[in-house]
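**Q** Take a look at this one; I'll ask things after.
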Amino acid sequence: MRSLYELLASGINRDRLLAWSRGDNVPGLPRLSPAEARILDASWEFTARPGQRWTPGHEFITDFEAGRGFGKSRVGSESIAHAANDPERWGGAAYIGGVDPLQVMNYCLTAPQSGLFAVAKRNEQSGLGPGVRKLNLNNRVMTFEAPRGGGGAGLTVYWGASSDPKSVRGPNYGLAWLDEYGIWYHRKTDEQGTNLWGGLIPAMRAGASPKIIITQTPSRAPEVKVLQSNAERPECKACRADYVEHNGRYLGEPGAEPWRLPPSPQIRLHPLLDTRTTVVVRECPACGSEVIATTRAVFGATTDNPMIAGEARDRAVAILASGTAASRQEYAPQGEADSGARGTLVQDKHIARLDIEVAEAVPDRWAAVLGTLGAEEVVVHVDPAVTAKEDSDDSGVVVACLRRVPEDRVTPERGRPVLLRDQVVGLQDWSVRADEVEAGAPSSVWGPRAYWLALLWGASRITVEVNNGGDELLSLVGGLIARPPSPAAIAARLREERPSLSPAAAATIARRMHTAALRLVVESVSRAADKPARWGWYGETAARGEQAVACLPWTGGARGWSVIAGQLCNFEPGRSGARRSGTVKKDRADSLIACAQVLLRYRESDGRDLHDPRADAWMGRTPAPR
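Residue numbers for the sequence shown follow the numbering used here, so the first one is 117 and each next one is one higher.
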């Protein structure tokens, strides 16, 4: 059967086609009876666009990321309703998860056209699928009638929300539909410390081949980026098994593992649409094995839906043409590598990532990295959070170094040396989340953490932003600096954190760290300018190659910077206080920017002051007493 959109592509007028599908008499098209019109209207095979169709395949997860109005909710509802025709295949149970109970009820279940209740009713009236037999709103469960011609029970559908992680516990599921995954309460956990996603995955074991469908507005949330990475760079199970068997567990950057394939090509699905998906079955270039991605990503834009009213469609086209991050967040796909918004102050393409390999056998891996980089100065910056509530900001704790690198596109002439430029390299992000503060002020956690980082990396100073507090924020760090631990105490902690270290190696590192502790100072920093000024400066310097991040195996590689990268690349002028999906905080990224300011401005002033008169007093420095 030809679909509605194939007929549109053949040149039939949209209004005439819609009138015909309702049962109106349209010249040139066969007249439909009322019953045929109802069946055609309810038939997802006929009404779905190519980018909306979900057919269970090899992949475990199918991630639909599309702008608002694309028809994502309809994809999830139709998939659940279709599963009701064959409940045995799905183990008789399905799950619907959303942000909170109200969102699930309003958008997944009761939405007039795209909700599951409306879809199930249309299918029942047209004879395309079973209707709902039982509904219990209090227990969040519904049961479909048994499919016609079949015996046994119908499909049972449970629903819950990320705000209530324990709602997923109990049954096992064969099919799950997760809506707006990018704005879930991922930090919300149950009594066992498990969020909704963590509780769902072990429960996906009913039926012959369980599947998960995700529908969401594009997001830069780290959890979403993991899905996209798994779709783009699937694992070769044969290579991975061989590597683990001979080399043990690999802790490096995702993509550097020998079993991670290069990014997959993108293919266009339909000439009418700007929808793309990744190829999910490929041959491993290393061993030749067939590689099946566990995640499939499908991207779409609001304007892909030709049924949107003309005025609303024109508005969406105009907003997309602006190219701002906000517009792409709500209207356009962001899964492609080249989809960075033009309205952000920092572009993802300008974030240089340095893959630095350090063998596990190297005892002092921190000194090894600094030697590889040719680091000249190391600082730790803290952007403290005032409170430790559930929705509080993180306390940003970032360490960075300054290095000199050859200027690009400069060639030596007549024996003249190659020009050098300063480059700031982010080394490690060890920021403190609010849920890590069990009791007391956040400083009780970030203070010792920042101090230990400074010793590990041999930092010359710890700078603490005092915009939201005072010099009392420095009291804890100052006390630690005034009483440096002995080499023996440092060695004991090193061996506790790295059992593979020999006593001799730990002692050698401890002596180096003790020397760093004796010269370490703490300074208060006041950053007076607004965030757009600081972030715009960082974006400009990043585009010139003056900023980079080091992807170190023991700090999570590139994935370890995913939170900061998400914050950096989703900040636009005029929206500094906005809390939007995917990037609700900016503290970690701001700490990295502060490190860059400290290092570059300190170099320009020959170590005398951090104040830059050209930048409207971005920074001022007050040494804290030891």
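Built from N, CA and C at the ideal position, the CB exists for glycine as well.
Quick check on this structure: which residue in PRO172, VAL541, VAL514 has the alpha carbon closest to the alpha carbon of GLN521?
**A** For the purposes of this step, residue 521 is identified with residue 405 of the sequence shown, where counting begins at 1. One point to set straight first is that residue 521 is Val, not Gln, in the sequence displayed. Comparing Cα-Cα distances from VAL521 to each of PRO172, VAL541, VAL514, the minimum goes to VAL541.
**Q** State buried or exposed for THR411, treating a residue as buried only when at least 16 other CB atoms are found within 10 Å of its CB.
**A** As a first step, residue 411 is located in the sequence shown; it is residue number 295 there, counting from the start. It is buried - the Cβ of THR411 has at least 16 other Cβ atoms within 10 Å.
**Q** Touch check for the region 232-251 and the region 154-170: three-plus C-beta pairs under 8 Å?
**A** A contact exists between the region 232-251 and the region 154-170.
**Q** Is any non-hydrogen atom of the ligand FMN found closer than 6 Å to the C-beta of TRP293, if you look at the structure I gave you?
**A** With respect to the ligand FMN, the structure offers nothing, as it holds no ligand at all.
**Q** In this structure, how does DSSP classify TRP751 when only helix, strand and coil are distinguished?
**A** The first residue shown for the chain is 117 and the last is 742, placing residue 751 beyond what the model contains.
**Q** What does the alpha-carbon distance come out to for the pair GLU194 and ALA409?
**A** For this step, residue 194 is matched to residue 78 along the sequence shown. For this step, residue 409 is matched to residue 293 along the sequence shown. Each residue's Cα considered, the two are about 24 Å apart.
**Q** May I ask you to list the residues that DSSP assigns as paired with PRO522?
**A** Numbered from its first residue, the sequence shown carries residue 522 at position 406. According to DSSP, which records beta bridges pairwise, PRO522 is partnered with LEU536.
**Q** Can at least three beta-carbon pairs, one atom from the region 681-688 and one from the region 481-494, be found at a separation below 8 Å?
**A** As far as the Cβ criterion goes, the region 681-688 does not touch the region 481-494, which means the pair count is below three.
**Q** Alpha carbon to alpha carbon, how far is GLU612 from TRP206? Give it in angstroms, no decimals.
**A** In the sequence shown, counting from the first residue as 1, residue 206 sits at position 90. In the sequence shown, counting from the first residue as 1, residue 612 sits at position 496. Looking at the two C-alpha atoms, the distance is approximately 47 Å.
**Q** Please identify the residue among GLU204, HIS198, LEU218, PRO263 whose C-alpha is closest to the C-alpha of LEU232.
**A** Mapped onto the sequence shown, residue 232 falls at position 116. The residue with the shortest Cα to Cα distance from LEU232 is HIS198.
**Q** Kindly indicate which residue of TYR301, LEU716, LYS465 has the alpha-carbon position closest to the one of ASN311.
**A** Your numbering for residue 311 matches position 195 in the sequence shown. Residue TYR301 is the option with its Cα nearest to ASN311.
**Q** Nearest to LEU489 by CA position, among GLU348, VAL665, VAL561, ALA621, is which residue?
**A** Here the question's residue 489 lines up with position 373 in the sequence shown. Minimum Cα distance to LEU489 is reached at VAL665.
**Q** State the Cα-Cα distance for the pair ALA516 and GLN219, rounded to the nearest angstrom.
**A** Taking the sequence shown and counting its residues from 1, one reaches residue 516 at position 400. Taking the sequence shown and counting its residues from 1, one reaches residue 219 at position 103. Distance between the alpha carbons of ALA516 and GLN219 is about 41 Å.
**Q** What are the residues that DSSP puts in a beta bridge with MET258?
**A** To locate residue 258, count along the sequence shown from 1; it is residue 142. LEU251, VAL273, per the DSSP bridge assignment.
**Q** In the DSSP assignment, what are the bridge partners of ILE330?
**A** For the purposes of this step, residue 330 is taken as residue 214 along the sequence shown, with counting starting at 1. ILE330 is bridged by DSSP to ASP179, LEU294.
**Q** Around the Cβ of CYS403, are there at least 16 other Cβ atoms within 10 angstroms (buried) or fewer (exposed)?
**A** Here residue 403 is taken as the residue at index 287 of the sequence shown, counted from 1. CYS403 should be labelled exposed.
**Q** Just the C-alpha distance for ALA674 and LEU617, rounded to the nearest angstrom, thanks.
**A** For the purposes of this step, residue 674 is taken as the residue at position 558 of the sequence shown. For the purposes of this step, residue 617 is taken as the residue at position 501 of the sequence shown. One C-alpha to the other measures close to 25 Å.
**Q** So, under 8 Å CB-CB, PRO564 and VAL548 are touching, yes? Tell me the CB distance rounded to an integer number of Å.
**A** Position 448 of the sequence shown holds residue 564. Position 432 of the sequence shown holds residue 548. With 8 Å as the limit, PRO564 and VAL548 do not qualify as a contact, their Cβ atoms being about 10 Å apart.
**Q** CB-CB under 6 Å to LEU148, same chain, minus the five flanking residues each way: which ones, in chain order?
**A** Residue 148 sits at position 32 when you count from the first residue of the sequence shown. Hits under 6 Å: GLY139.
**Q** Would you kindly work out how many angstroms separate the C-alpha atoms of GLY595 and ALA658, rounded to a whole number?
**A** Along the sequence shown, read from residue 1 onward, the residue named residue 595 stands at position 479. Along the sequence shown, read from residue 1 onward, the residue named residue 658 stands at position 542. When rounded, the distance between both Cα atoms is 36 Å.
**Q** Measure the C-alpha to C-alpha separation of PRO281 and ARG537 and round it to an integer number of angstroms.
**A** Locating residue 281 in the sequence shown gives position 165, counting from the first residue. Locating residue 537 in the sequence shown gives position 421, counting from the first residue. Looking at the backbone, the Cα of PRO281 and that of ARG537 are separated by about 50 Å.
**Q** Can you tell me whether GLU348 is buried or exposed? The criterion is at least 16 other CB atoms within 10 Å of its CB, across all chains shown.
**A** As a working note, residue 348 is residue 232 in the sequence shown. By the 16-neighbour rule on beta-carbons within 10 angstroms, GLU348 is buried.
**Q** Helix, strand or coil for VAL548 per DSSP?
**A** Within the sequence shown, numbered from 1, the residue matching residue 548 stands at position 432. Looking at VAL548 - three-state DSSP - the assignment turns out to be strand.
**Q** Measuring CA to CA, which of GLN539, PRO479, ILE212, VAL593 is closest to VAL513?
**A** Counting from one through the sequence shown, the residue named residue 513 turns up at place 397. Comparing Cα positions, the closest option is VAL593.
**Q** Is the CB-CB distance between ALA626 and ALA649 below 7 Å?
**A** Within the sequence shown, residue 626 is the residue found at index 510, counting from 1. Within the sequence shown, residue 649 is the residue found at index 533, counting from 1. No, they are not a contact pair.
**Q** Taking the straight line between their C-alpha atoms, what separation do you get for LEU388 and THR163?
**A** Residue numbering aside, residue 388 sits at position 272 when the sequence shown is read from its first letter. Residue numbering aside, residue 163 sits at position 47 when the sequence shown is read from its first letter. Low local confidence applies: a pLDDT of 40 at LEU388 is under 50, so the model's placement there is unreliable, and no value is given.
**Q** Do you know how far the Cα of ARG336 is from the Cα of TRP275?
**A** Position 159 of the sequence shown, counted from the first residue, corresponds to residue 275. Position 220 of the sequence shown, counted from the first residue, corresponds to residue 336. C-alpha separation (whole angstroms): 25 Å.
**Q** Mind checking who GLN663 pairs with in its DSSP beta bridge?
**A** Taking the sequence shown and counting its residues from 1, the one referred to as residue 663 is at position 547. Partner(s): VAL540.
**Q** Distance, Cα to Cα, SER345 vs TRP482?
**A** For this step, residue 345 is matched to residue 229 along the sequence shown. For this step, residue 482 is matched to residue 366 along the sequence shown. Between SER345 and TRP482, the alpha-carbon positions lie close to 28 Å from each other.
**Q** Whole-angstrom Cβ separation of ALA676 and ASP510, contact assumed at under 8 Å?
**A** One-based indexing of the sequence shown puts residue 676 at position 560. One-based indexing of the sequence shown puts residue 510 at position 394. It is Gly, not Ala, that sits at residue 676 in the sequence shown. Wrong, their Cβ atoms sit about 14 Å apart, outside the cutoff.
**Q** In this structure, does DSSP put LEU123 in helix, strand or coil?
**A** By one-based count along the sequence shown, residue 123 stands at place 7. Under the three-state reduction of DSSP, LEU123 is assigned to helix.
**Q** Looking at the structure shown, is LEU470 part of a helix, part of a strand, or coil, going by DSSP?
**A** The residue given as residue 470 occupies position 354 in the sequence shown. Of the three classes helix, strand and coil, the one that applies to LEU470 here is strand, per DSSP.
**Q** For a quick check, are the C-beta atoms of TYR223 and SER278 less than 7 Å apart?
**A** On the sequence shown, residue 223 is found 107 positions in, with the first residue counted as 1. On the sequence shown, residue 278 is found 162 positions in, with the first residue counted as 1. Result no, Cβ atoms of TYR223 and SER278 do not sit closer than 7 Å.
**Q** Nearest CA to the CA of GLY268: which residue from ILE212, GLU361, GLY208?
**A** Here residue 268 refers to the residue found at position 152 of the sequence shown. For the residues ILE212, GLU361, GLY208, the minimum Cα distance to GLY268 belongs to GLY208.
**Q** In angstroms, rounded to a whole number, what distance separates the CA positions of ASP454 and GLN683?
**A** Residue 454 sits at position 338 when you count from the first residue of the sequence shown. Residue 683 sits at position 567 when you count from the first residue of the sequence shown. Because ASP454 carries a pLDDT of 35, less than 50, the predicted location of this residue cannot be relied on, and the following value inherits that uncertainty. Looking at the two C-alpha atoms, the distance is approximately 18 Å.
**Q** Below 8 Å on the Cβ atoms is my guess for VAL340 versus TYR297; work out the distance and round it to an integer in Å.
**A** In the sequence shown, the residue the question calls residue 340 occupies position 224. In the sequence shown, the residue the question calls residue 297 occupies position 181. About 7 Å separates the CB atoms of VAL340 and TYR297; that is less than 8 Å, so the two are in contact.
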